[in-house]
Amino acid sequence: MLEKIRDLTCGYDSGFLLQDINFEVKHKELIGIIGPNGSGKTTLLRAITRLLRPKKGEIFFEGKDIWQIPLKEFFKKIAVVTQNPPVNSMSVEEFVLLGRIPHYKRFQFFETREDLEVSRRCMALTNTLRLKDKSINQLSGGERQLVSIARALTQDPKLLLLDEPTAHLDITHQVGILDLIKRLNKEFGLTVIMVLHDLNLASEYCDRLLLLNNGKMHKTGTPQEVLTYQVIEEIYNTIVIVKENPVSLKPYIFLVPEEERQKGITGRRGIEY
Amino acid sequence: MRKKTIRWAFWILGLCSLLLVTTLFALCTGSVGMSLKKILRVIFEGKGSIEYSILFDIRLPRIVLGFTIGGALSLAGVILQGMFRNPLVEPYTLGISGGAALGVSLNIVLGLNSTLGILSLPISGFLGAVLVILLVYSLSLRKGILKIQGLLLTGVMISFISSSLIMLIMAISRTEDLHGIVFWIMGSLEEPNWLLIKVAVLVSISILIISYLFSLDLNALSLGEEEAQHLGINIEKTKRLLFVLASALTGLSVSVCGIIGFVGLVVPHFVRMFVGTDHRILLIGSYLLGAAFLIFCDTLARTIISPLELPVGVITGILGGSLFVYAMTKRQVLLGGR
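Residue numbers (our numbering), protein chains in the order written: chain E, 1 to 273; chain W, 1001 to 1338.
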C-alpha cells in the first residue's frame, strides 16, 4: 500500500467540503479521479499534496501520516503537476532542474553532476531535451505540459500527481501525454493519481477510477464498473450511451444531443458483461 | 552547466571591477581633484594633511555608505520582486519609507533632535519604519498565512496615508523645520557618524549572506507559492523571513540616508536583463551593481553643481530611468523578462 486516505474531511472557508473520503492506492497503480465540475477533485489533490489541512481523518503515505513527514522528505517522493503550469522566462533546463530542489543538501547551492544527469534523463524521457535552451514562455501548451512533467520526474518521485494534464490540449498532445504517463507507470513502476475531466480518456488509460460528486465519494472501481450509463446519467444529469471501444474493449461514452433524444433512443444503452 | 558557473564567475568579476573603478573615480573626483598617484602619496604621508582628511573624512565615508545603501536597496528590490513575482515592486512600495519619513518629520517638528541629539533622526526614522512593518505585516496575516497581495495593497495604502500625514505636518510647520524635513526626505549620503556607517555595513552584508541561503527558495517561488511548496519549500516560513529581511534593509537605508528612489527598482532589472532570472547570481549581482551605481550617482550629485550638492535621488532617478528605458528598447525585453 502506497497511499491510504482514511475518513478524510477537508474544505475551504467558503463552505465547500470534501467528506468522508476513504481510498487506498497500491504500488504501481494508475488512478483517475473523475467527477463533475465542483465535485472536489482538485480539493482532494490539494489535500494529498499538503496544501490543505484535513478537518478530520488522515492521509497516510507509506504508512506515515503525511503531516508528520518533513516537507522536503515528502516531496522527494511525491511530485505534482498542476493544472496551469507557471509561465516565466526561465530556460527549460533551469525550470526542469528546479525539480532537484528537494534533493539538495543543506547549504548546497549548485547542482551536482547527478542532478544534471537526472534532469537530462527526464528531459529525454519526455522528449523535451531538444527544447532545453528555449525559454518557458516560448513553448506551446503541449510542450509546457511535457516540461512540467519532466520537472516532476526530476524529483525522482514514487507517486506522481497530475491535475488535468490534458486540459486545453489537442488530441495529439492528449494522447501523447497520457501515453507517456502510461509508459512511466508500466515501465518505471511509477504510481500515478491524476484528475481527469474527459471520461473517455480516463476510461482508456486508468486502472481504477474514483468518481466524486458533491464532495463525496460516489463510486470507485475499474472503468467498466464505474462508467456505466446509469451512473453517468445520475451524476452528470446527461443522457449518454456507453459502448465498448472496439480495440481496447474499454467503455466509451457517447453523448446524445437533444434533437436525437426527442426522436427517442432505441436499443441497448450500455454494455452487457 | 560548468559553462554557467564560469559565466557567473565572469559576471561577478566584471561587476567587482566596475565597483572598484567607480570607487577610485569617486575618490579622485570632487572640489579638490586628485590623481591616483597623488592619492597614493597622500596615504603614504599619513594623517595631517588637508588632502588626507578630504579623502578619509569626507569622501571615503560617503563611498562606504553608497556601497552599503546601494547594495541594500537593490538587494531588497530583488527579494521583494522575487517574493511578489511582480517586477514593479520596490523597497518603498511596502510603505516603509513613508513610515520612516513620518517618524523623522515628527522628530523635526517636535524639536526632539535639538534636545536628544542628531542621532535621534535616524533612530526615529527606524522606529517609524518598524512601526509600519509591524502594521503591514499584521494586517496581511490571515489565520497564520501571509497574504502576499494583501501585503502589497496594505503597503501602498500606508504609503499614501503617511505621505498625506507628512504633508499635513509640513503645512503646519515652521519654515526652518520645513527645510529640514524636505532635505531629509530628498535623501543624501552625507553621514558624519562612523559608528552608524559601520552598523549599516554590518547589517547590509549579513543580510546579503542570509538572503543567499534562500536563493533556491526564491527561484522556486518564481513558479508561484503552491508550486514552490510542491518542491518541498516551507513557503510560510520563507515568505516571513524574506519580508523581514527586505524590511530590515529598507528600514536601515531610509533611516540612515533618507529616501533614495529608483535604485531598488532599476538595478535588479538591469542585472536580470544580462545574467538571467536565477537568484543565485541575481542577489550578488544586484548588490554589486547597486553599490557601484549609487557611488557613481553620489559622485555626480556632489560635483555637478559644486560647491552646491544635488539630492542624490535626483541623479538616481534621471540616470537610472533613462538608462533603463534605453536598454529596454535596445534589447526588446519585457519587464521582468530577460
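Ideal placement from N, C-alpha and C gives every residue a C-beta, glycine not left out.
Could you check where the beta strand (DSSP E) with E:Arg-6 kicks off and where it finishes?
Counting along the chain, the beta strand (DSSP E) containing E:Arg-6 begins and ends at 3-11.
Quick one, which residues of the segment 1129-1152 of chain W are near chain E if we go by CB-CB under 8 Å, in chain order?
Under the 8 Å Cβ criterion, the segment 1129-1152 of chain W contributes no residue.
Which chain W residues sit within Cβ distance under 8 Å of E:Pro-102?
Near E:Pro-102 (Cβ distances below 8 Å), the residues of chain W are Leu-1231, Gly-1232.
Ordered along the chain, which non-local residues of its own chain (more than five positions away) have a Cβ less than 7 Å from that of W:Val-1333?
Low per-residue confidence applies at W:Val-1333: pLDDT is 49, beneath 50, and the placement is therefore not dependable, though the value from the model is reported in the following sentence. Once the five neighbours on either side are set aside, the close Cβ partners of W:Val-1333 are Met-1273.
Which first and last residues belong to the alpha helix (DSSP H) in which W:His-1269 is found?
Where W:His-1269 is concerned, the enclosing alpha helix (DSSP H) stretches over 1263-1275.
Taking C-alpha atoms, which residue in W:Asn-1234, W:Ile-1079, W:Ala-1101 lies nearest to W:Ile-1158?
Of W:Asn-1234, W:Ile-1079, W:Ala-1101, the residue nearest in Cα terms is W:Ala-1101.
Check E:Lys-60 in the structure and name its three-state DSSP category.
First, the residue type needs correcting, since residue 60 of chain E is Phe and not Lys in the sequence shown. The answer is strand: DSSP assigns E:Phe-60 an E or B state.
Give the single residue among W:Arg-1240, W:Ile-1133, W:Thr-1250 whose Cα lies nearest to the Cα of W:Ala-1076.
Nearest option by C-alpha distance: W:Thr-1250.
For E:Phe-109, tell me which candidate among W:Leu-1310, W:Lys-1239, W:Cys-1016, W:Ala-1220 has the shortest Cα-Cα distance.
With distances taken between Cα atoms, E:Phe-109 lies closest to W:Ala-1220.
Determine whether the Cβ of E:Glu-94 lies closer than 8 Å to any Cβ atom of chain W.
Yes, contact with chain W.
Identify the continuous alpha helix (DSSP H) that holds W:Ile-1058 and give its terminal residues.
Segment: none, W:Ile-1058 is in no alpha helix (DSSP H) and carries neither H nor E.
On the DSSP bridge assignment, give the partners of W:Arg-1142 in chain order.
In DSSP, W:Arg-1142 forms a bridge with W:Ile-1145.
Run the CB neighbour count on E:Tyr-252, radius 10 Å, all protein chains shown included, and call it buried at 16 or more, exposed below.
With 16 or more other Cβ atoms within 10 Å, it is buried.
Could you confirm whether any beta carbon from chain W is found closer than 8 Å to the beta carbon of E:Lys-64?
Not an interface residue.
To the nearest angstrom, how far is the alpha carbon of W:Ser-1322 from that of E:Thr-166?
Roughly 45 Å separates the two Cα atoms.
Determine the direct distance from the alpha carbon of W:Glu-1227 to that of W:Gly-1066, and round the result to whole angstroms.
For W:Gly-1066 and W:Glu-1227, the distance between alpha carbons rounds to 37 Å.
With C-beta atoms as the reference, is W:Leu-1231 less than 8 Å away from E:Ile-101?
Cβ distance < 8 Å, so W:Leu-1231 and E:Ile-101 count as in contact.
For W:Ala-1171, which residues from the same chain have a beta carbon less than 6 Å from its beta carbon, with the 5 sequence-adjacent residues on both sides left out?
Result list for W:Ala-1171: empty, nothing under 6 Å.
Rounding to the nearest angstrom, what Cα-Cα distance links W:Gly-1276 and E:Lys-250 in this structure?
When rounded, the distance between both Cα atoms is 49 Å.
Sorted by chain position, which residues of the same chain lie with C-beta nearer than 8 Å to E:Glu-24's C-beta, five sequence neighbours on each side aside?
Met-1, Glu-3, Lys-4, Ile-5, listed in sequence order.
Nearest CA to the CA of W:Val-1032: which residue from W:Lys-1330, W:Ala-1327, W:Thr-1303, W:Val-1314?
Out of W:Lys-1330, W:Ala-1327, W:Thr-1303, W:Val-1314, W:Thr-1303 has the C-alpha closest to the C-alpha of W:Val-1032.
At a Cβ threshold of 8 Å, is E:Thr-128 touching chain W?
For E:Thr-128, the answer is no, since every Cβ of chain W falls outside 8 Å of its Cβ.
Check the DSSP bridge columns for E:Val-192 and list the partner residues they point to.
Per DSSP, E:Leu-30, E:Leu-160.
Name the DSSP bridge partner or partners of E:Lys-243?
According to DSSP, E:Lys-243 bridges with E:Tyr-252.
Pick from E:Thr-154, E:Asn-37, E:Ile-33, E:Cys-122: whose alpha carbon is nearest that of E:Leu-209?
With distances taken between Cα atoms, E:Leu-209 lies closest to E:Ile-33.
Using a Cβ-Cβ cutoff of 9 Å, what residues of the segment 28-61 of chain E are near chain A? List them in chain order.
Reference to chain A is not applicable here, since the protein chains of this structure are E and W.
Can you name the start and end residues of the alpha helix (DSSP H) that E:Ala-47 belongs to?
Taken as a continuous stretch (DSSP letters only), the alpha helix (DSSP H) holding E:Ala-47 covers 41-48.
Can you tell me the Cβ-Cβ gap for W:Gly-1261 and W:Gly-1317, rounded? I've got them flagged as a contact below 8 Å.
Right, their Cβ atoms sit about 6 Å apart.
By the 10 Å Cβ neighbour count, where 16 or more other Cβ atoms means buried, how is E:Phe-74 classified, buried or exposed?
E:Phe-74 should be labelled buried.
Between W:Ser-1253 and W:Val-1267, how many whole angstroms is the CB-CB distance? I'm expecting something under 8 Å.
In fact, because the Cβ distance is near 13 Å, the residues do not count as touching under 8 Å.
Decide if E:Gln-83 is buried, meaning its Cβ has at least 16 other Cβ atoms within 10 Å, or exposed.
E:Gln-83 is exposed by the Cβ-count criterion.
Determine, using beta carbons only, whether E:Leu-227 and E:Ser-248 come nearer to each other than 8 Å.
It is not a contact, given that the beta carbons lie outside the stated cut-off.
Classify W:Leu-1088 as buried or exposed, calling it buried when 16 or more other Cβ atoms lie within 10 Å of its own Cβ.
Classification for W:Leu-1088: exposed.
I'd like to know whether the C-beta of E:Met-90 is nearer than 8 Å to at least one C-beta of chain W.
Interface residue, yes.
Could you tell me which whole alpha helix (DSSP H) segments of length 4 or greater appear in the segment 192-234 of chain E?
Within the segment 192-234 of chain E, the complete alpha helix (DSSP H) runs of at least 4 residues are 199-205, 223-226.
By the DSSP assignment, the alpha helix (DSSP H) with W:Ile-1096 in it spans what residues?
Per DSSP, W:Ile-1096 belongs to the alpha helix (DSSP H) from 1096-1109.
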